[in-house]
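Enquirer: Okay, here's the structure, questions in a sec.
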Amino acid sequence: MFPCPRCGQMLPPTAVACQFCHADVRHVPRPMTQAQKERIAGSPVTVLRVIALILGAIWILRGGLELLTGILMSQTADTAGNSILSAAFAGAGFFVGIFGCIHILLGTGILFRWSWIPTAVYIFCGFGIIGDLISLLGGNGYALIDLALQTTLIIVIAYSADTY
Ligand SMILES: [Zn+2]
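Everything in the sequence shown is counted per numbering that gives the first Met the number 0, starting at 0 for the first residue and increasing by one.
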């Protein structure tokens, strides 16, 4: 809604003439919608969306790498010769592949803002953080990178959960 410049009555944004005094209001600037304001001001919600998009893309990438690794491990299992080693490779490859699929699905959901994303992120990133902490205790310093990513994703989603 915006006020008529001549009589001051509130008019709908699509009005071409004032319905009260019949003034031509085609060139009267319309008030910005909340979405337009956010776009211009770079509000916290917009910043959170951009970070979520970047993280979504990272999740799809890492998921793709994991899926590829899982497939390669399964193929190694076929040529391992030793049946125990072969089963170990096949089992590990299967789980790495499944994790890859979950990461791709989460990343896609984040990009398309699917409604179940906040719940799924809390669950999977929660387990991810626990896994990273165990990894860190085991001396794997690289787990710190994943810990930072998982924590950032949970915080970003928590602060913008109502937009999914
Ligand atoms: Zn008017």
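All residues carry an ideal CB built from backbone N, CA and C; glycine is no exception. As the structure is a prediction and not an experimental result, all values here were calculated from the model.
1) Please enumerate, following chain order, all residues with a beta carbon closer than 6 angstroms to at least one heavy atom belonging to ligand 1.
2) Between which two residues does the alpha helix (DSSP H) containing GLY140 stretch?
3) Using three-state DSSP, classify PRO2 as helix, strand or coil.
4) If we ignore side chains and look at the alpha-carbon of each, how far apart do ILE101 and PHE19 end up?
5) Give the DSSP-derived three-state secondary structure of ALA16 in the structure shown.
6) Kindly indicate the opening and closing residues of the alpha helix (DSSP H) around THR107.
Expert: Inspection of the coordinates gives the following:
1) In chain order, the hits are CYS3, ARG5, CYS6, GLN8, CYS17, PHE19, CYS20 and ALA22.
2) Per DSSP, GLY140 lies in no alpha helix (DSSP H) and is assigned neither H nor E.
3) Residue state, collapsed to three classes: strand.
4) Between the alpha carbons of ILE101 and PHE19 lies a gap of roughly 58 angstroms.
5) DSSP places ALA16 within a strand segment (E or B) once states are collapsed to three.
6) Start and end: 82 to 111.
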